[in-house]
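Please read the structure below before turning to the comments.
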DNA sequence: ACTATATACTTTGTTTCACTAGGTATCAAG
DNA sequence: CTTGATACCTAGTGAAACAAAGTATATAGT
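Residue numbers (this note's numbering), protein chains in the order written: chain A, 1 to 117; chain B, 1001 to 1117.
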C-alpha cells in the first residue's frame, strides 16, 4: 500500500507533459520545474522519471527532439509536439475528463441513471 | 504505452472499494457488479484484480471479512469497513480531490498564483 | 445422471510504469 | 581546482493491475 499520489500519477505524466509541450517546445530539465510550478509544487518528479517518459513519447511519434546549443551552458534537447502528439493530447484529455467524472460520481454516492443494460 | 484507463485506475481502486463498502457491507463478487453499475460500465475489473485488492485492504486493517452462508448458493465473504477504513476513505477522498484539481489546473493552462518560492 | 451455466473465491505469473540511485558532461563562481 | 548548478542518461527495484488459470457449490436443461 504505497502512497496514493505515486499510483495516481501513473498514466497522467504523459498527459501532463504533452499539455505543457503544447504551449511551447521545452527541454527536459525545464519541464521538471514547469510541472512543479503549474501544479503548485504537487508534482515533483525526478529526472529518472522524466526522461524515460520522454523517450516513450518520442518512440510513439508524439514529440520530436532537437538539440539546441545555448550561448552558454550545456546542450539542451528541446522537444516539440507533433501533429500526432496534439491529437493524442486531445484524446487523453477527453479520457481524463470522463475518468475523473466517473470517480467523482462514485465518491458522491450517486447512482448514475439507468445505463448498462 | 498502454491504455490510459488502465494506468489511471491505479490507486483509485482502493478508494472506490472503500467508498462502496462504506454504504453497506458487501462481498467480493457483488462488488464487481456494483462498481460496474456505479461507474456506468466504465470500470469492469476482473476477479483476479479485485481479490488481491481486498486482501491488501484486509491486511491493512481497513476492512474485516465475515463468512456468510446464504440459504442457497456458495458461501460469501462479506467485507465490512472498520473505523480505520472510514478514516482512510476520508483521507483518500481528500487526496483524490487535490490531485484531480491539480491535473485540471494544468490541463486548463492556468498558472496557479505565486506559490512554491 | 450428466452437462452446462452462474455464482463465488483463490492463486500464479506477466507487464508496465514510477521511482531510487547512481552516472556523465558542461560551465560559472570562489 | 573544487563546488554547485545545469542538463541528460541508465540500470535495477517494486507495486499494482492484469490475464489466465483453478476450485467449489448450486441451479437448470436434457
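Backbone N, C-alpha and C fix where the C-beta goes; we use that ideal spot for every residue, glycine too.
In the structure shown, the three-state DSSP call for residue 1026/B is strand. Excluding its 5 nearest sequence neighbours in each direction, residue 1015/B has C-beta neighbours in its own chain below 8 Å: 1089, 1092, 1093, 1096, listed in chain order.
Per the coordinates, the alpha-carbon of residue 9/A lies some 18 Å from the alpha-carbon of residue 55/A. Under DSSP, residue 1066/B forms a beta bridge with 1078/B. Using a Cβ-Cβ cut-off of 7 Å, residue 102/A counts as an interface residue toward chain B, since at least one Cβ of chain B sits closer than that to its own. Non-local beta-carbon contacts of residue 1019/B in its own chain, meaning distances under 7 Å to residues more than five positions away in sequence, involve 1089 in chain order. Using beta-carbon distances, residue 1011/B counts as an interface residue toward chain A, with a partner under 7 Å.
Straight across, the Cα-Cα distance linking residue 36/A with residue 77/A is about 19 Å. Below 8 Å, enough C-beta pairs join the region 1025–1032 of chain B and the region 1048–1066 of chain B to call them touching: three or more. In this structure residue 106/A touches residue 1038/B by the C-beta definition: roughly 5 Å separates them, less than 8 Å.
Cβ neighbours of residue 68/A within its own chain (closer than 6 Å, five residues either side excluded): 76, 78.
Residue 1083/B is positioned such that its CB atom lies no closer than 7 Å to that of residue 1062/B. If you ignore the 5 residues before and after residue 1047/B, its C-beta comes within less than 8 Å of the C-beta of 1028, 1029, 1032, all in its own chain and listed in chain order. Bounds of the alpha helix (DSSP H) holding residue 1106/B are 1083–1108.
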